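>
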Amino acid sequence: RQKRQLDIAFDYFVLSQLDKPIELRLIITFVLLENLKSTHATANNIPFKDGRFRKPNGKPFSFEGLLKAMFKSAGMSPELSKVKDLRNEIIHSGITQLNMNERIEMYCFAQDLIREYLLRLLVLQRKVGCQSSKLSQFCLAMRAISDKVAFLVIPHAV
């Protein structure tokens, strides 16, 4: 099995696009970010001790810190504080105080980050061609998303 386990990431990505309530799509999106962060750390031999990935000085990485390192490795430097805050709010309390438009905006922002990251990762790994069935599903989902973001997001905004 490949170190980055992209087949799992692609499954999560496709699941995060299903016509479900925005909160469920956000939760799946956050699990996908956790998966990408974790496999990035493992692939880069970042030590894992006492349930946390560790910096060279032994201190634990934060969720946001390890995500920043992951994105940086692909040449990206997104602002992640709002994503982190919403992830913490939903994962730790099960609900968010954001209004529907703010939820949709954050969902779209996180999805854009993930799409760009995965595309950059595939280019970096020279796996751009859609050879496998999982990769084909991912490519088709990305094409559909770029054409139908409103269709995928708006049904639960009413």
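All residue numbers for the sequence shown refer to my numbering, where the first residue is 4 and numbers rise by one. Built from N, CA and C at the ideal position, the CB exists for glycine as well. This structure is a prediction, so every number in the text was calculated from the model and none was measured.
1) Would you mind reading off the limits of the alpha helix (DSSP H) that contains Lys23?
2) Any idea if Lys75 is buried or exposed, counting beta-carbon neighbours within 10 angstroms, 16 or more meaning buried?
3) Cα-Cα, which of Ser19, Glu26, Ile11 is closest to Thr42?
4) Would you mind stating whether Met73 and Leu39 have Cβ atoms separated by less than 8 Å?
5) Could you tell me whether the Cβ atoms of Phe66 and Lys87 are closer together than 8 Å?
6) Going by C-alpha to C-alpha distance, which of Asn48, Pro63, Asn104, Asn47 sits closest to Gly54?
7) Would you check if the distance between the CB atom of Thr99 and the CB atom of Leu83 is smaller than 8 Å?
8) Could you work out which residue in Thr32, Gln8, Leu27 is closest to Arg118 when comparing CA atoms only?
9) Along the alpha helix (DSSP H) that carries Lys71, what are the first and last residues, could you check?
10) Helix, strand or coil: how does DSSP classify Lys85 here?
11) Given Gly68, which residues of its chain have a CB within under 6 Å of its CB, disregarding the five upstream and five downstream residues?
12) Is it true that the CB of Phe16 sits closer than 8 Å to the CB of Leu35?
13) Where His115 and Pro59 are concerned, what is the direct C-alpha to C-alpha distance, given to the nearest angstrom?
14) Leaving out five residues before and five after Gln123 in sequence, what residues of the same chain have Cβ atoms less than 8 Å from its Cβ?
15) Let's test the definition: count the other Cβ atoms within 10 Å of the Cβ of Ser96 and tell me whether it reaches 16, buried, or not, exposed.
In short:
1) Taking the first residue of the sequence shown as position 1, residue 23 is located at position 20. DSSP places Lys23 in no alpha helix (DSSP H); its state is neither H nor E.
2) Position 72 of the sequence shown holds residue 75. By the Cβ-count criterion, Lys75 is exposed, with fewer than 16 other Cβ atoms from all chains shown falling within 10 Å of its own Cβ.
3) On the sequence shown, position 39 is the one that residue 42 refers to. The residue with the shortest Cα to Cα distance from Thr42 is Ile11.
4) What you label residue 73 is simply residue 70 of the sequence shown in a count that begins at 1. What you label residue 39 is simply residue 36 of the sequence shown in a count that begins at 1. In this structure, Met73 lies near Leu39, with their beta-carbon atoms less than 8 Å apart.
5) The residue labelled residue 66 in the question sits at position 63 within the sequence shown. The residue labelled residue 87 in the question sits at position 84 within the sequence shown. With respect to the 8 Å criterion, Phe66 and Lys87 are classified as neighbours on the basis of their beta carbons.
6) One-based indexing of the sequence shown puts residue 54 at position 51. Looking from the CA of Gly54, the closest CA among Asn48, Pro63, Asn104, Asn47 belongs to Pro63.
7) Taking the sequence shown and counting its residues from 1, the one referred to as residue 99 is at position 96. Taking the sequence shown and counting its residues from 1, the one referred to as residue 83 is at position 80. No, Cβ-Cβ distance for Thr99 and Leu83 is not below 8 Å.
8) Within the sequence shown, the letter at position 115 stands for residue 118. Out of Thr32, Gln8, Leu27, Thr32 has the C-alpha closest to the C-alpha of Arg118.
9) The residue given as residue 71 occupies position 68 in the sequence shown. Per DSSP, Lys71 belongs to the alpha helix (DSSP H) from 66-76.
10) The sequence position of residue 85 within the sequence shown is 82, counting from 1. In the structure shown, Lys85 sits in a helix (DSSP, three-state: H, G or I).
11) Translated into the one-based positions of the sequence shown, residue 68 becomes position 65. There are no such residues.
12) Position 32 of the sequence shown, counted from the start, is the residue given in the question as residue 35. Position 13 of the sequence shown, counted from the start, is the residue given in the question as residue 16. Contact: yes.
13) If you number the sequence shown from 1, residue 115 lands on position 112. If you number the sequence shown from 1, residue 59 lands on position 56. For the sequence presented, residue 115 should be read as Asp rather than His. Asp115 and Pro59 have their C-alpha atoms roughly 31 Å apart.
14) As a first step, residue 123 must be located in the sequence shown, where it is residue number 120. The sequence as given places Arg at residue 123; Gln does not occur at that position. Once the five neighbours on either side are set aside, the close Cβ partners of Arg123 are Ala77, Gly78, Met79.
15) Position 93 of the sequence shown, counted from the first residue, corresponds to residue 96. Exposed, since its Cβ has fewer than 16 Cβ neighbours within 10 Å.
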